[in-house]
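What follows is one structure encoded as structure tokens, with my remarks underneath.
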Amino acid sequence: MPCPKILKQCKSDEDCCRGWKCFGFSIKDKMCISR
Numbered sequence: 398m399p400c401p402k403i404l405k406q407c408k409s410d411e412d413c414c415r416g417w418k419c420f421g422f423s424i425k426d427k428m429c430i431s432r
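432 is the number that our numbering gives the last residue of the sequence shown; the numbers go up by one with no jumps.
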């Protein structure tokens, strides 16, 4: 699955593309980021 160019909301790293991290300071506002 290709990585989306936009940051998408997530709950865990599994929601993100491979090699991306689920990051955020609040539980409701976590986003996928590329390392």
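The C-beta atom is built at its ideal place from N, Cα and C for all residues, glycine as well.
Item	Value
Nearest to Ile-430 (by Cα), restricted to the options Ser-423, Ile-424 and Cys-419	Cys-419
Residue span of the beta strand (DSSP E) that contains Phe-422, given as start and end	No beta strand (DSSP E) contains Phe-422, which DSSP labels as neither H nor E.
Cβ-Cβ separation, Met-428 to Lys-408 (assumed contact under 8 angstroms), whole Å	Rounded, the Cβ-Cβ distance is 11 angstroms, inconsistent with contact.
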